[in-house]
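S.K.:
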Ligand code: AMP
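In my numbering, the protein residues as written are 75 to 454.
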């Protein structure tokens, strides 16, 4: 049983990484009266714009992380790419939530997959790849088409390559940089879904309505919540995610991305031990946003109500929309059910996540259509 007293408003929350997730958490935290100290290499990063204090440094810079820990009552993360060793090193200075061991399990795809296997949880067939010989063995075992993924530091499809039948495995390994990898069977999924949940220090778990995700060019395009799904299958998805969070002794928000096969079977794709792009709909649709929920969890407070008051669709705004300058926002603002979120990133780039729109509508089919119309208008 957790007996650590909660950190109440007034306390400083340290955030390693200053991206949009940290920014939206900072907004929630500051509304509640907490202070924010962020580590990023750019003082004007999305989170820095809403922080009380910015420490300038890279995520693998131990001295900078130490400075954040010394100024904070708890340290949390905007990204899972902070080296677990850095978290390990600052843990004696101030509590780190989620803990270093969660990150050590998540950061390395092979370790993550072994963890899932050990928990008896379903995932695509896979094999570790550390050398050209191992790759040949993995291709023989897993077959093609398959996907070769670097073990570390991959997101949004980076560090990944598809191996088509007849493709040269060595060339594929070269293309991801000859780094340790895993080979994964290509899953003929019908749909991608994610479970967003929060786990508190006392082990309580609250689950948000299931999210249905569509990716384009490896980047999340839209999320619809609640995802239409038969109750029993939805409960199974929730149970998988709950089991993962509990087995990891996670504290904070967590997203578990899953593939749904045409027959209804669910396979875990990826675990993100933080707030998540597919949970942005909670800001507007739910009683407690994923960002407030994360603050509550890492501060040792009771979790808030995860109930949704409405259906919602989120559409990401990618840097490509800035090709002809600032997009014409009046098209979004003309919709009373639309909420515009921009991340304050100073340089748009193709593929870069610049913001998103949440459409609050119980008719999520209609909201998905509106999302496409909006993207088309913003692109012109
Ligand atoms: P990841 O970075 O592993 O989440 O992969 C990004 C996206 O690539 C996923 O959301 C899927 O759309 C696709 N993808 C990744 N792994 C697989 C797989 N084993 N089978 C089919 N599609 C995949």
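A virtual CB, placed ideally from N, CA and C, is assigned to each residue, including glycine.
Among 438, 120, 395, whose alpha-carbon lies nearest the alpha-carbon of residue 454?
M.R.: Position 380 of the chain shown holds residue 454. Nearest C-alpha to residue 454: 395.
S.K.: Out of 166, 247, 386, which has the shortest C-alpha to C-alpha gap to residue 445?
M.R.: The residue labelled residue 445 in the question sits at position 371 within the chain shown. The candidate whose alpha carbon is nearest that of residue 445 is 386.
S.K.: Identify, in the order they occur along the chain, each residue of the same chain with its Cβ nearer than 7 Å to the Cβ of residue 439, setting aside the five sequence neighbours on each side.
M.R.: In the chain shown, the residue the question calls residue 439 occupies position 365. Excluding sequence neighbours, residue 439 sits near nothing in its chain.
S.K.: Using 8 Å for Cβ pairs, my map puts residue 308 next to residue 284. What's the rounded Cβ distance?
M.R.: Within the chain shown, residue 308 is the residue found at index 234, counting from 1. Within the chain shown, residue 284 is the residue found at index 210, counting from 1. Confirmed, Cβ separation roughly 5 Å.
S.K.: For residue 336, does the count of other Cβ atoms within 10 angstroms reach 16, so buried, or fall short, so exposed?
M.R.: The count along the chain shown starts at 1 and reaches residue 336 at position 262. Result: exposed.
S.K.: Just to confirm, are residue 324 and residue 172 a CB contact at a threshold of 8 Å?
M.R.: Residue numbering aside, residue 324 sits at position 250 when the chain shown is read from its first letter. Residue numbering aside, residue 172 sits at position 98 when the chain shown is read from its first letter. Yes, the Cβ-Cβ distance between residue 324 and residue 172 is below 8 Å.
S.K.: What do you get for residue 220, buried or exposed, if any count of 16 or more other CB atoms within 10 angstroms of its CB means buried?
M.R.: For this step, residue 220 is matched to residue 146 along the chain shown. Result: buried.
S.K.: Could you check whether residue 165 and residue 174 sit closer than 8 Å to each other, using their CB atoms as the reference points?
M.R.: The residue labelled residue 174 in the question sits at position 100 within the chain shown. The residue labelled residue 165 in the question sits at position 91 within the chain shown. Yes, Cβ-Cβ distance for residue 174 and residue 165 is below 8 Å.
S.K.: Measure the C-alpha to C-alpha separation of residue 75 and residue 389 and round it to an integer number of angstroms.
M.R.: Mapped onto the chain shown, residue 75 falls at position 1. Mapped onto the chain shown, residue 389 falls at position 315. Low per-residue confidence applies at residue 75: pLDDT is 48, beneath 50, and the placement is therefore not dependable, though the value from the model is reported in the following sentence. Rounded to the nearest angstrom, the two C-alpha atoms are 40 Å apart.
S.K.: Straight-line CA distance for residue 145 to residue 111?
M.R.: Position 71 of the chain shown, counting from 1, holds the residue named residue 145. Position 37 of the chain shown, counting from 1, holds the residue named residue 111. So the two alpha carbons sit approximately 7 Å from each other.
S.K.: For residue 353 versus residue 282, is the C-beta spacing smaller than 8 Å?
M.R.: On the chain shown, position 279 is the one that residue 353 refers to. On the chain shown, position 208 is the one that residue 282 refers to. Result yes, Cβ atoms of residue 353 and residue 282 sit closer than 8 Å.
S.K.: Just curious, the beta strand (DSSP E) that residue 206 is in, first and last residue?
M.R.: Looking up residue 206 in the chain shown gives position 132. Counting along the chain, residue 206 falls outside any beta strand (DSSP E), though it belongs to the alpha helix (DSSP H) covering 206–216.
S.K.: Between residue 328 and residue 321, which are expected to be in contact by the criterion C-beta below 8 Å, what is the C-beta distance as a whole number of angstroms?
M.R.: Here the question's residue 328 lines up with position 254 in the chain shown. Here the question's residue 321 lines up with position 247 in the chain shown. Incorrect: roughly 11 Å between the Cβ atoms, too far for contact.
S.K.: Taking the runs of the beta strand (DSSP E) that are 3 residues or longer, which of them lie wholly in the segment 277–359?
M.R.: Those beta strand (DSSP E) runs which fall completely within the segment 277–359 and span 3+ residues are 279–281, 285–290, 293–299, 326–334, 340–346.
S.K.: With 16 other CB atoms within 10 Å as the buried threshold, where does residue 268 fall?
M.R.: Residue 268 sits at position 194 when you count from the first residue of the chain shown. Buried.
S.K.: Closest Cβ-Cβ distance between residue 124 and chain C: below 8 Å?
M.R.: This model lacks chain C altogether; it includes just one protein chain.
S.K.: Quick one: using the 10 Å Cβ neighbour count with 16 as the cut-off for buried, is residue 404 buried or exposed?
M.R.: If you number the chain shown from 1, residue 404 lands on position 330. Exposed.
S.K.: Identify which residue in 372, 304, 392, 422 has its Cα closest to the Cα of residue 152.
M.R.: As a first step, residue 152 must be located in the chain shown, where it is residue number 78. With distances taken between Cα atoms, residue 152 lies closest to 372.
S.K.: For residue 334, verify whether its CB is less than 7 Å away from any heavy atom of ligand 1.
M.R.: Looking up residue 334 in the chain shown gives position 260. For ligand 1, not one heavy atom lies less than 7 Å from the Cβ of residue 334.
S.K.: With a 10 Å radius around its C-beta and 16 neighbouring C-beta atoms as the bar for buried, classify residue 331 as buried or exposed.
M.R.: Counting from 1 along the chain shown, the entry for residue 331 is found at position 257. When all chains shown are included, residue 331 counts as buried.
S.K.: Taking 7 Å as the cut-off, does the CB of residue 221 come closer than this to any heavy atom belonging to ligand 1?
M.R.: If you number the chain shown from 1, residue 221 lands on position 147. For ligand 1, at least one heavy atom lies less than 7 Å from the Cβ of residue 221.
S.K.: Going straight from the alpha carbon of residue 196 to that of residue 270, what length do you get?
M.R.: Position 122 of the chain shown holds residue 196. Position 196 of the chain shown holds residue 270. Straight-line Cα distance between these residues: approximately 18 Å.
S.K.: If you check the beta carbons only, do residue 102 and residue 366 fall under 8 Å apart?
M.R.: In the chain shown, the residue the question calls residue 102 occupies position 28. In the chain shown, the residue the question calls residue 366 occupies position 292. Going by C-beta atoms, residue 102 is nearer than 8 Å to residue 366.
S.K.: Could you tell me the alpha carbon to alpha carbon distance between residue 266 and residue 401, rounded to whole angstroms?
M.R.: Residue numbering aside, residue 266 sits at position 192 when the chain shown is read from its first letter. Residue numbering aside, residue 401 sits at position 327 when the chain shown is read from its first letter. Going from the Cα of residue 266 to the Cα of residue 401 covers about 29 Å.
S.K.: Comparing the CB of residue 170 with every heavy atom of ligand 1, is any distance shorter than 7 Å?
M.R.: Looking up residue 170 in the chain shown gives position 96. Result no, Cβ not under 7 Å from ligand 1.
S.K.: Using C-beta distances below 8 Å, list every residue in its chain close to residue 92, excluding the 5 sequence neighbours before and after it, in chain order.
M.R.: For this step, residue 92 is matched to residue 18 along the chain shown. Correct list, in chain order: 112, 113, 114, 116, 119, 120, 121, 122, 125, 128, 152.
S.K.: Taking DSSP as the reference, what is the three-state secondary structure of residue 190?
M.R.: Sequence index remark: in the chain shown, residue 190 carries index 116 (1-based). DSSP places residue 190 in helix when its eight states are reduced to three.
S.K.: Leaving out five residues before and five after residue 435 in sequence, what residues of the same chain have Cβ atoms less than 8 Å from its Cβ?
M.R.: In the chain shown, the residue the question calls residue 435 occupies position 361. Counting only Cβ-Cβ distances below 8 Å, and skipping sequence neighbours, we find 384, 385, 386, 387, 411, 441, 444.
S.K.: Applying the criterion that 16 or more other CB atoms from any shown protein chain within 10 Å of the CB defines a buried residue, is residue 182 buried or exposed?
M.R.: The residue given as residue 182 occupies position 108 in the chain shown. With 16 or more other Cβ atoms within 10 Å, it is buried.
S.K.: Is residue 162 near ligand 1, with its Cβ less than 7 Å from a heavy atom?
M.R.: Numbered from 1 along the chain shown, position 88 holds the residue referred to as residue 162. No.
S.K.: When you compare only the Cα positions, how much space is there between residue 455 and residue 222?
M.R.: There is no way to answer for residue 455, as the model of the chain reaches only from 75 to 454.
S.K.: Could you give the DSSP three-state label for residue 75: helix, strand or coil?
M.R.: As a first step, residue 75 is located in the chain shown; it is residue number 1 there, counting from the start. The pLDDT assigned to residue 75 is 48, lower than 50, so where the model puts this residue is not dependable; a value taken from the coordinates is nonetheless given after this. DSSP places residue 75 in coil when its eight states are reduced to three.
S.K.: Does the Cβ of residue 138 have 16 or more other Cβ atoms within 10 Å, making it buried, or fewer, making it exposed?
M.R.: Taking the first residue of the chain shown as position 1, residue 138 is located at position 64. Result: buried.
S.K.: Out of curiosity, what's the CA-to-CA distance linking residue 177 and residue 154?
M.R.: As a first step, residue 177 must be located in the chain shown, where it is residue number 103. As a first step, residue 154 must be located in the chain shown, where it is residue number 80. So the alpha carbons of these two residues sit roughly 7 Å apart.
S.K.: Throw me the rounded Cβ distance for the residue 261 and residue 333 pair, which I believe falls under 8 Å.
M.R.: For the purposes of this step, residue 261 is taken as residue 187 along the chain shown, with counting starting at 1. For the purposes of this step, residue 333 is taken as residue 259 along the chain shown, with counting starting at 1. Yes, residue 261 and residue 333 are in contact; Cβ-Cβ is about 5 Å, under 8 Å.
S.K.: Checking 8 Å against the spacing of the C-beta atoms, do residue 257 and residue 214 come in under that value?
M.R.: As a working note, residue 257 is residue 183 in the chain shown. As a working note, residue 214 is residue 140 in the chain shown. In this structure, residue 214 does not lie closer than 8 Å to residue 257 by Cβ.
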